[in-house]
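Enquirer: If you count the sequence shown from 1, position 115 lands on 109 in our numbering, and the numbers rise without skipping. Don't be surprised by glycine CBs; every beta carbon is placed ideally from N, CA and C. Got a structure for you, questions after.
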Amino acid sequence: MLKSEKKIILIVEDDPKNLKLFRDVLQFKGYITIEALNGQQGVALAKEHKPDLILMDIQLPVMDGIEATKIIKHDEVTKCITVVALTAYAMPGDKERMLAAGFDDYISKPVHIPEFLKKVTEYLDGKNKVQ
Ligand code: MN
């Protein structure tokens, strides 16, 4: 596989409007996006492409984002990938629940685009520092 200089971001999202929004802003910023519409597909694409970052919706068909992230974080091939929850959940305790499942961080939906892109850049920069 050719090593691209461009960062690859996997978006796991079942809402077409949200998916389009995330795809458009990330591609505009020069990132390569790959997309999954459910958690099971997300796990498969994470293993196949080893993206630099995974943005994971929580409520998904077939397999939800919590279950998918648990699998990703327990697989030797994918466990080092940063996984960020994108969710409309805003109840007290939700953030703790996400982090317990293995998520590295949490962004509330609806997202504020400039803040969202700033965080994405920070996650990708953080990855570079570790390597
Ligand atoms: Mn959803």
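#1: Quick check: does the Cβ of Q53 come within less than 6 angstroms of any heavy atom belonging to ligand 1?
#2: How long is the line joining the alpha carbons of M(-5) and L4, rounded to whole angstroms?
#3: Report the rounded CA-to-CA distance for H68 versus I75, giving the unit in angstroms.
#4: Go ahead and pull the three-state DSSP assignment for M(-5).
#5: Can we count D88 as close to ligand 1, meaning its CB is less than 6 angstroms from some heavy atom?
#6: Report buried or exposed for A82, applying the criterion of at least 16 other Cβ atoms within 10 angstroms of its Cβ.
#7: Give a yes or no on contact between the region 34 to 46 and the region 14 to 22, applying the rule of three or more CB pairs nearer than 8 angstroms.
#8: Specify the secondary structure class of A82 as computed by DSSP and reduced to three states.
#9: Could you please give the first and the last residue of the uninterrupted beta strand (DSSP E) stretch that includes M57?
#10: Identify every residue that forms a DSSP beta bridge with T76.
#11: What's the gap between the Cα of L118 and the Cα of K1?
Expert: With the structure as the only source:
#1: yes
#2: Residue confidence is low: M(-5) scores 48 on pLDDT, short of 50, so the model does not pin down where it sits. Its coordinate-derived value is still stated next. Roughly 17 angstroms between the two C-alpha positions.
#3: One alpha carbon belongs to H68, the other to I75, and they sit about 11 angstroms apart.
#4: Legend: pLDDT at M(-5) = 48, less than 50; position of this residue unreliable, value from coordinates given subsequently. Residue state, collapsed to three classes: coil.
#5: no
#6: exposed
#7: no
#8: Judged by DSSP in its simplified three-state form, A82 adopts coil rather than helix or strand.
#9: Where M57 is concerned, there is no enclosing beta strand (DSSP E), given that its DSSP letter is neither H nor E.
#10: Paired residue(s): L47.
#11: 8 angstroms
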